[in-house]
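Protein chains: 2
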Amino acid sequence: MNEFELIQTYFQRDALDPSVILDNGDDAAVFSPRLNCETVVSVDSVIAGRHVPDLCPPDGFAARLIGRGLSDLAAMGATPRYVLLSLSLPTLEVGWVEHFAQRFHQLCVRFGVDLIGGDTTKGPLSAHITVIGDVPKGMAVSRQGLKPGDDLWLFGPDLGGARAYLDVLQNTQADHALWAERYWRPEPQFDFGIALRNVASAMIDISDGLCQDLMHLVERAKKPASIKLQSKMIPLCADLVDRLGTQTALEYALTGGDDYCLLASIPSTARVPEGGHRIGLVVQPENESILLDGQPLPESWQLGWDHSR
Amino acid sequence: MNEFELIQTYFQRDALDPSVILDNGDDAAVFSPRLNCETVVSVDSVIAGRHVPDLCPPDGFAARLIGRGLSDLAAMGATPRYVLLSLSLPTLEVGWVEHFAQRFHQLCVRFGVDLIGGDTTKGPLSAHITVIGDVPKGMAVSRQGLKPGDDLWLFGPDLGGARAYLDVLQNTQADHALWAERYWRPEPQFDFGIALRNVASAMIDISDGLCQDLMHLVERAKKPASIKLQSKMIPLCADLVDRLGTQTALEYALTGGDDYCLLASIPSTARVPEGGHRIGLVVQPENESILLDGQPLPESWQLGWDHSR
């Protein structure tokens with residue numbers, strides 16, 4: 000089976016959304032943007048041995064790829080519409096590709112996106128996804144608007160489970176179904192993102208760890224600010240405290256990353272959607288950018304995930 | 000220097016196009032689609048050791064990446080607007096990144112596109128580019144409309160030079176400046192693409208080799224057809240015949256790929272833009288899909304480039 004047969008057999012599906020004029024099989028895909036909307040676009044990659052284990056099951060690879068990618072659209076308050084996939088495979092294991100594609104298509108349907116293009120090539124196992132969505136004109140929520148007086152909110156899954164699953168992968172912890180789910184099946188928080196369009200001053204999804212992503216909001220803010228977090232308000236993934244103790248549980252939750260919940264800075268007067276956790280306050284700048292229960296963050300914490308490390 | 004500093008230092012530039020609402024540095028980029036236009040989008044990859052030599056100079060890597068990628072937009076008759084870049088680097092050689100970024104930005108300006116997003120990660124040397132352009136509603140030229148009675152036309156650089164340069168890379172030919180240019184600096188044919196919007200029945204860019212890309216047009220056509228090519232009408236890159244002999248020159252031109260000129264099927268009654276080469280005819284289906292000077296293609300020819308090979 001060559002590249003063209005591979006694409007035709009496993010990746011070509013008719014687009015469901017009538018806005019798609021031309022999908023897979025041409026030089027490029029063509030879609031008709033929705034009236035009075037802006038287009039939101041991002042790229043993300045999953046590289047074996049880096050973002051997933053070297054020997055990665057195809058369904059997990061697909062789910063992590065599309066979940067991580069689409070989470071960037073959720074973080075803008077966008078409605079997801081289309082994805083394009085660039086897949087690099089060391090060898091053509093048809094069974095692997097078949098399972099990957101099956102899971103990928105299943106999640107496309109679940110998240111309401113059409114796979115409208117892509118390419119495959121021989122190379123180290125990796126995949127790059129382009130995600131495209133839209134927002135009504137002027138409604139995208141950027142990282143830029145955090146300001147003193149806002150409250151800090153989390154929307155979506157509790158924290159630390161994906162980080163704890165890395166210990167399972169390294170055999171230093173017994174397996175844990177929910178941690179595995181957090182790691183392998185990131186769930187983009189579209190409904191919360193859309194509900195926060197007119198509400199949040201700034202928003203980001205937690206991919207690099209709560210503290211590091213929070214720092215992105217602080218650094219991009221137009222007004223200087225500091226953050227006061229309350230540890231008891233931070234939602235921790237099940238069994239983190241029991242298995243790891245309070246300190247490590249908190250470290251994993253605040254620095255682990257791969258949680259893909261939404262972190263939003265919201266004016267204290269705003270009407271906040273149900274289901275979030277208020278974890279802290281944005282205050283006038285102090286010596287420390289982030290205080291946890293009034294104290295600086297422990298120096299021993301590895302603050303987040305640097306993809307170039 | 001970590002991932003964020005790397006992106007900030009070398010890749011973040013303010014977008015020039017006022018349609019860009021939000022560029023690099025957020026979860027996703029946001030742009031405002033032009034009125035009465037459709038959006039055209041494609042992804043392409045360049046992997047070291049596969050599409051370029053293992054030890055690839057940064058400027059060549061950048062030029063091949065953006066040239067190959069944008070050529071897909073030219074093949075749709077689209078105007079290029081934005082690109083996103085996903086770059087994977089085995090080690091952080093700042094000098095390499097600096098030269099890569101410099102050349103990449105230079106070509107963005109030259110081709111009239113803004114780099115609006117991307118990511119970098121540690122991994123085998125490779126890059127994936129997302130290219131986005133637009134066409135007035137209904138004007139995208141797909142691969143689908145070829146039909147008996149059309150003429151076949153080429154627009155853009157003559158053929159075979161990029162293939163011949165592979166021999167230079169493998170030290171079986173002396174260096175050749177023009178062949179090197181064809182290989183390292185693919186030139187997307189936007190002007191021809193746009194001029195062909197109302198003219199071509201079907202169009203494709205030649206990346207996999209004239210014959211193979213021609214077969215894509217034949218296979219995607221709604222009516223069965225065969226192709227009659229005239230060898231003497233096919234524009235050959237300089238010195239191909241002198242250095243390689245007529246037969247190999249023709250083989251390289253028809254099967255080599257990486258030429259990135261546009262191949263268009265055009266009704267014989269249409270007004271054809273200046274500067275093209277009429278290389279053959281689309282006829283009623285015969286036994287062979289492609290005849291060259293009335294004969295089947297030599298069986299020994301390796302027909303084009305299969306990226307999964």
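Protein sequence lines, in the order shown, are assigned to chains G and C. Oh and the first sequence: position 151 is 150 in numbering that gives the first Met the number 0, straight run, nothing missing. Oh and the second sequence: position 73 is 72 in numbering that gives the first Met the number 0, straight run, nothing missing. Where is the CB? At the ideal position from N, CA and C, for every residue including glycine. Everything numeric in this text was worked out from a predicted model, so none of it was measured.
Could you check which residue in C:L64, C:L291, C:V93 has the C-alpha nearest to that of R184 (chain C)? The residue labelled residue 184 (chain C) in the question sits at position 185 within the second sequence. If you compare the alpha carbons of C:L64, C:L291, C:V93 with that of R184 (chain C), the shortest gap goes to C:L64.
I'd like the span of the alpha helix (DSSP H) that includes W183 (chain G), first residue to last. Translated into the one-based positions of the first sequence, residue 183 (chain G) becomes position 184. Residues 176–183.
Please report whether the beta-carbon of R308 (chain G) lies at a distance below 9 Å from any beta-carbon of chain C. Taking the first residue of the first sequence as 1, we reach residue 308 (chain G) at position 309. Note on R308 (chain G): pLDDT 41, under 50, position unreliable in the model; no value is reported.
Please confirm whether A263 (chain G) has its beta-carbon closer than 9 Å to some beta-carbon of chain C. The residue given as residue 263 (chain G) occupies position 264 in the first sequence. No, no contact with chain C.
Who are the Cβ neighbours of S85 (chain G) in its own chain at under 6 Å, not counting the five residues just before and after it? The count along the first sequence starts at 1 and reaches residue 85 (chain G) at position 86. Once the five neighbours on either side are set aside, the close Cβ partners of S85 (chain G) are G117, D118, H127.
Following the continuous beta strand (DSSP E) through C36 (chain G), name the residue where it begins and the one where it ends. Within the first sequence, residue 36 (chain G) is the residue found at index 37, counting from 1. Start and end: 36–46.
Run the proximity test for D258 (chain C): is its beta-carbon closer than 8 Å to any non-hydrogen atom belonging to the ligand PLP? Annotation note on the ligand PLP: not contained in the displayed structure, which lists no ligands.
Could you work out which residue in C:G24, C:V19, C:A14 is closest to L5 (chain C) when comparing CA atoms only? Counting from one through the second sequence, the residue named residue 5 (chain C) turns up at place 6. For L5 (chain C), the nearest C-alpha among the options comes from C:G24.
Quick one: grab the DSSP three-state call for I131 (chain C). Within the second sequence, the letter at position 132 stands for residue 131 (chain C). The answer is strand: DSSP assigns I131 (chain C) an E or B state.
Any chain G beta carbon closer than 9 Å to F10 (chain C): As a working note, residue 10 (chain C) is residue 11 in the second sequence. Chain G, which has no Cβ nearer than 9 Å to the Cβ of F10 (chain C), makes this no.
Less than 9 Å between the C-beta atoms of W178 (chain C) and D238 (chain C), yes or no? The residue labelled residue 178 (chain C) in the question sits at position 179 within the second sequence. The residue labelled residue 238 (chain C) in the question sits at position 239 within the second sequence. Contact flag set, yes.
On the CB-based measure, 16 or more other CB atoms within 10 Å of its CB, does A194 (chain C) come out buried or exposed? Your numbering for residue 194 (chain C) matches position 195 in the second sequence. That one is buried.
Where G122 (chain G) and Q143 (chain C) are concerned, what is the direct C-alpha to C-alpha distance, given to the nearest angstrom? To locate residue 122 (chain G), count along the first sequence from 1; it is residue 123. To locate residue 143 (chain C), count along the second sequence from 1; it is residue 144. Distance between the alpha carbons of G122 (chain G) and Q143 (chain C) is about 30 Å.
Give the single residue among G:T247, G:R102, G:T129 whose Cα lies nearest to the Cα of I115 (chain G). For the purposes of this step, residue 115 (chain G) is taken as the residue at position 116 of the first sequence. Closest option to I115 (chain G), judged by alpha-carbon separation, among G:T247, G:R102, G:T129: G:T129.
Please name the residue or residues paired with L86 (chain C) in a DSSP beta bridge. Reading the second sequence from its first residue, position 87 is the one you call residue 86 (chain C). Looking at the DSSP assignment, L86 (chain C) forms a beta bridge with C:T119, C:A126.
Only counting the same chain, and skipping five residues up and downstream in sequence, which positions put a Cβ closer than 6 Å to that of R67 (chain G)? Residue mapping note: residue 67 (chain G) aligns to position 68 of the first sequence, counting from 1. D43, P185, listed in sequence order.
Partner residues on chain C for I46 (chain G), Cβ-Cβ distance less than 7 Å: Looking up residue 46 (chain G) in the first sequence gives position 47. Per Cβ cutoff of 7 Å: S87, T120, G122.
So with Cβ pairs under 9 Å, would you call A252 (chain G) a contact of chain C? As a first step, residue 252 (chain G) is located in the first sequence; it is residue number 253 there, counting from the start. Chain C, which has no Cβ nearer than 9 Å to the Cβ of A252 (chain G), makes this no.
By alpha-carbon positions, which one of G:A62, G:P266, G:Q188, G:M202 ends up nearest to C107 (chain G)? Walking along the first sequence from the start, residue 107 (chain G) turns up at place 108. Checked all of G:A62, G:P266, G:Q188, G:M202; the closest Cα to C107 (chain G) is G:A62.
Going by CA-CA distance only, name the one from G:A161, G:Q105, G:F110 that's closest to L70 (chain G). Locating residue 70 (chain G) in the first sequence gives position 71, where the first residue counts as 1. In the sequence as displayed, the identity of residue 70 (chain G) is Ser instead of Leu. Among G:A161, G:Q105, G:F110, the Cα nearest to that of S70 (chain G) belongs to G:F110.
Is the separation between the beta-carbon of M232 (chain G) and that of H276 (chain G) shorter than 9 Å? If you number the first sequence from 1, residue 232 (chain G) lands on position 233. If you number the first sequence from 1, residue 276 (chain G) lands on position 277. Closer than 9 Å, so yes.
Closer than 9 Å by beta-carbon distance: list the chain G residues that pair up with A139 (chain C), in chain order. Looking up residue 139 (chain C) in the second sequence gives position 140. Per Cβ cutoff of 9 Å: I20, L21, D25, A27, V29.
For L34 (chain G), is the classification buried or exposed, using 16 other Cβ atoms within 10 angstroms of its Cβ as the cut-off for buried? Locating residue 34 (chain G) in the first sequence gives position 35, counting from the first residue. By the neighbour-count rule (16 or more Cβ atoms within 10 Å), L34 (chain G) is not buried but exposed.
Determine whether the Cβ of H127 (chain G) lies closer than 9 Å to any Cβ atom of chain C. Position 128 of the first sequence, counted from the start, is the residue given in the question as residue 127 (chain G). Yes, H127 (chain G) counts as interfacial toward chain C.
Hey, is the segment 7–27 of chain C in contact with the segment 270–289 of chain G, meaning 3+ C-beta pairs nearer than 8 Å? no
Could one say the Cβ of V51 (chain C) lies closer than 9 Å to chain G's Cβ atoms, at least one of them? Against the second sequence, residue 51 (chain C) aligns to sequence position 52. Chain G, which has no Cβ nearer than 9 Å to the Cβ of V51 (chain C), makes this no.
Cut-off 6 Å between Cβ atoms - residues of its own chain near T8 (chain C), not counting five sequence neighbours on either side: Along the second sequence, one-based indexing puts residue 8 (chain C) at 9. None.
Less than 9 Å between the C-beta atoms of Q188 (chain G) and L261 (chain G), yes or no? Residue mapping note: residue 188 (chain G) aligns to position 189 of the first sequence, counting from 1. Residue mapping note: residue 261 (chain G) aligns to position 262 of the first sequence, counting from 1. Their beta carbons are under 9 Å apart, which means Q188 (chain G) touches L261 (chain G) by this criterion.
Going by alpha carbons, who is nearest to L145 (chain C) out of C:T78, C:A139, C:L216? Start at 1 with the first residue of the second sequence, and residue 145 (chain C) comes out as number 146. When each option's Cα is compared against that of L145 (chain C), the closest is C:L216.
Answer yes or no: do A263 (chain C) and V198 (chain C) have a C-beta to C-beta separation smaller than 9 Å? As a working mapping, residue 263 (chain C) is identified with position 264 in the second sequence. As a working mapping, residue 198 (chain C) is identified with position 199 in the second sequence. Cβ distance < 9 Å, so A263 (chain C) and V198 (chain C) count as in contact.
Find the nearest neighbour of R80 (chain C) within the set C:P56, C:W95, C:V39, judged by alpha-carbon distance. As a first step, residue 80 (chain C) is located in the second sequence; it is residue number 81 there, counting from the start. Of C:P56, C:W95, C:V39, the residue nearest in Cα terms is C:V39.
Beta-carbon of Y81 (chain C) versus every beta-carbon of chain G: anything under 9 Å? Here residue 81 (chain C) refers to the residue found at position 82 when the second sequence is read from its first residue. Chain G contact via Cβ: present.
Taking the straight line between their C-alpha atoms, what separation do you get for V93 (chain C) and F99 (chain C)? Walking along the second sequence from the start, residue 93 (chain C) turns up at place 94. Walking along the second sequence from the start, residue 99 (chain C) turns up at place 100. One C-alpha to the other measures close to 10 Å.
Less than 9 Å between CB atoms is the rule here; does L296 (chain C) satisfy it with respect to chain G? Within the second sequence, the letter at position 297 stands for residue 296 (chain C). Contact of L296 (chain C) with chain G is not assigned, every C-beta pair being separated by 9 Å or more.
6 Å CB neighbourhood of Y259 (chain G) in its chain, flanking five on each side removed: On the first sequence, position 260 is the one that residue 259 (chain G) refers to. For Y259 (chain G), same chain residues with a beta-carbon under 6 Å away, outside a window of 5 residues either side, are S70, P185, D204 in chain order.
So who's on the other strand from W152 (chain G), going by DSSP bridges? Looking up residue 152 (chain G) in the first sequence gives position 153. DSSP lists G:A263, G:R277 as partners of W152 (chain G).
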